[in-house]
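**Q** Can you read through this structure? Questions will come right after.
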Amino acid sequence: MATSPNNTNSHLYPERRMRTDHQQSHRSTKSPGKTETSRYFAPSRPSEKSRPHETNDDGDDHEHTRSPPEDKSASSGRRQMLLTFSSSGRLGTRQPLKNPTPRSDAKRLSLADVAAETLSLLPGLLATRPDVGRDGHLIAPSSTSIALDSTTGLHLPATKIRVVDSDSITAALSLPSLGSTHPPPLVLNMANARHAGGGFKHGALAQEEALCYRSSLFFTLKIKHYPIPETGAIYSPRVLVIREDMSQGHNLLDFRNPAILPVLSVVSAAAIERPETRRLQIHQHGTVEVYARKSDEELMKRKMRTILRVAATHGHRQIVLGAFGCGAFQNPAHEVARMWAEVFAEEEFEDGVWWKDVIFAVLGQGTENFDAFDRLLAGRVV
């Protein structure tokens, strides 16, 4: 049965940002000296000017879903003033940054604007979180080509797979914390094999871009690791989350205490792009789309094993997967869900009992993708 992730991180989403007091406002009018890289944020008074709407076409293979042009009549909405501390300890202001529109407003910043703002905010935030960094490690095919030794598994109590209609990061943040002694939940980034972040900078929207709009993932996707090897991956151990999801207007989280901003891990792997398929009659489910070539099916299974081996070898007890390749890359949803079930049932994963929580985040309850994953995976014991 499909479930919805719990909202266990509501403290991260205040309705109003911090207001500076009269003394802070007075100090901010003075010119700051040399500044540190740490940045803090507070709302300033409304401005009548809005940033120009950015449009940009990109040539990647991801789906393109753009927000409607920003309503300039609403440009007097909330803004943020970028605050820095000078070497003398005084609080100064820099270029004002426009906030994403409040969730009560029907309009949102264009996705390209969200990307630009995310890229401008993160260097300062990451400077306050040395525990996060920008590390991203290439996982070579040779390092994941050997099956896991199930005798060294965690042998946790068996758990049931959950399929949720949710953004991947939101699903991961719904999981209960296992404490600082355990790695954070691991999220699958269904990546573009050739372009870091896919069309993130230009306002494209597939699952990879959705992750980049909300987090520091893009900073960990090093150009030297591309193209991603066919059965390899990129492992990003510490990714900082700074926004709500698109359904909430990509609102920024509370930056007053950067130390409490959530951190996740990400494994980036690329599915086969637009494989040849055919229709097959299956008694229980009618006619479904399947891979035309057995070699494509086996390659996808090898990719799935890589993802699960990365999760297990790095000690992740909570994993958030997805409809791998079933969006812009047009892999058949029924087959991908079936193959995930078969891979989880293989000896190295079944006998090791590696995970406490396994979630498939598949947006669009009632769609073919969601229905296939819900039918074939929800409630399966792993």
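Just so it is clear: in the sequence shown, position 7 is 7 by full-length UniProt numbering, and no numbers are missing.
Every residue, glycine too, gets a C-beta built ideally from N, C-alpha and C.
Counting Cβ pairs, one atom from each stretch, are 3 or more of them under 8 Å apart for the stretch 299–310 and the stretch 143–151?
**A** yes
**Q** Identify the continuous beta strand (DSSP E) that holds R278 and give its terminal residues.
**A** T277 to I282
**Q** Under 8 Å between the Cβ atoms of I169 and F360?
**A** no
**Q** Leaving out the 5 sequence neighbours to the left and right, which residues in its chain are closer than 7 Å to M190 when beta-carbon positions are compared?
**A** Excluding residues within five positions, the ones whose Cβ falls inside 7 Å are Q207, E208, A271, G322, F324 and G325.
**Q** Provide the residue span of the beta strand (DSSP E) that contains E289, from first to last.
**A** G286 to Y291
**Q** Per DSSP, which one or two residues make a beta bridge with V163?
**A** F360
**Q** At which residues does the alpha helix (DSSP H) containing V336 begin and terminate?
**A** A333 to F344
**Q** Can you tell me where the beta strand (DSSP E) holding A233 begins and where it ends?
**A** Annotation for A233: the continuous beta strand (DSSP E) segment containing it runs A233 to L240.
**Q** Give the secondary structure of S174 by DSSP, where H, G and I count as helix, E and B as strand, and everything else as coil.
**A** Assigned with DSSP and collapsed to three states, S174 falls in coil, not helix or strand.
**Q** Among the residues of its own chain, which have a CB less than 7 Å from the CB of L376, if the five just before and after it don't count?
**A** A337, R338 and A341
**Q** Tell me which residue opens and which closes the beta strand (DSSP E) that M190 is part of.
**A** Unbroken beta strand (DSSP E) run through M190: L186 to M190.
**Q** Out of A140, V343, H334 and L122, state which residue places its alpha-carbon closest to the alpha-carbon of E368.
**A** Proximity to E368 across A140, V343, H334 and L122 peaks at H334, based on C-alpha coordinates.
**Q** Helix, strand or coil for H137 per DSSP?
**A** strand
**Q** Thinking V187 and R214 are a contact (beta carbons under 8 Å), I'd like their distance in whole angstroms, please.
**A** Incorrect: roughly 11 Å between the Cβ atoms, too far for contact.
**Q** What number of angstroms, rounded off, separates the C-alpha of D351 from the C-alpha of P123?
**A** Distance between the alpha carbons of D351 and P123: 43 Å.
**Q** Which of helix, strand or coil does DSSP assign to R243?
**A** Strand at R243.
**Q** Quick one: what does DSSP say D114 is sitting in, helix, strand or coil?
**A** The residue asked about is misnamed: residue 114 is Val in this sequence, not Asp. Three-state DSSP puts V114 in a helix.
**Q** Could you compute how far the alpha carbon of A233 sits from the alpha carbon of A269?
**A** 5 Å
**Q** Ordered along the chain, which non-local residues of its own chain (more than five positions away) have a Cβ less than 6 Å from that of S216?
**A** L122, V239 and L240
**Q** Going by beta carbon distance, what residues of the same chain come within less than 6 Å of L156, once the five residues before and after it are set aside?
**A** V353 and K356
**Q** Quick check: what's the CA-CA separation for L253 versus D245?
**A** 10 Å
**Q** Around the C-beta of P130, are 16 or more other C-beta atoms found within 10 angstroms, so that it is buried, or is it exposed?
**A** exposed
**Q** For V310, which three-state DSSP category applies?
**A** helix
**Q** Would H316 pass as a contact of P183 if the rule is Cβ separation under 8 Å?
**A** yes
**Q** Given R134, which residues of its chain have a CB within under 6 Å of its CB, disregarding the five upstream and five downstream residues?
**A** F219 and T220
**Q** Determine the direct distance from the alpha carbon of V290 to that of T277, and round the result to whole angstroms.
**A** 5 Å
**Q** Keeping to the same chain, check which residues put their C-beta closer than 7 Å to that of I223; ignore five residues upstream and five downstream.
**A** A196
**Q** Could you tell me the distance, in whole angstroms, from the CA atom of H250 to the CA atom of S142?
**A** If I take the Cα positions, the gap works out to 38 Å.
**Q** Is the beta carbon of L261 sitting closer than 8 Å to the one on A172?
**A** no
**Q** Give every residue of the same chain whose Cβ lies closer than 8 Å to the Cβ of T152, excluding the five residues on either side of it in the sequence, and list them in chain order.
**A** G352
**Q** Using the DSSP secondary-structure output, state which residues sit across from I319 in a beta bridge.
**A** L186 and V358
**Q** Tell me V263's beta-bridge partners as DSSP assigns them.
**A** L240
**Q** Secondary structure at D374, three-state DSSP: helix, strand or coil?
**A** helix
**Q** Nearest-angstrom Cα distance between E347 and A378?
**A** 20 Å
**Q** Applying the criterion that 16 or more other CB atoms from any shown protein chain within 10 Å of the CB defines a buried residue, is L154 buried or exposed?
**A** exposed
**Q** Find out if the Cβ-Cβ distance for the pair P185, I319 is shorter than 8 Å.
**A** At the C-beta level, P185 and I319 come within 8 Å of one another.
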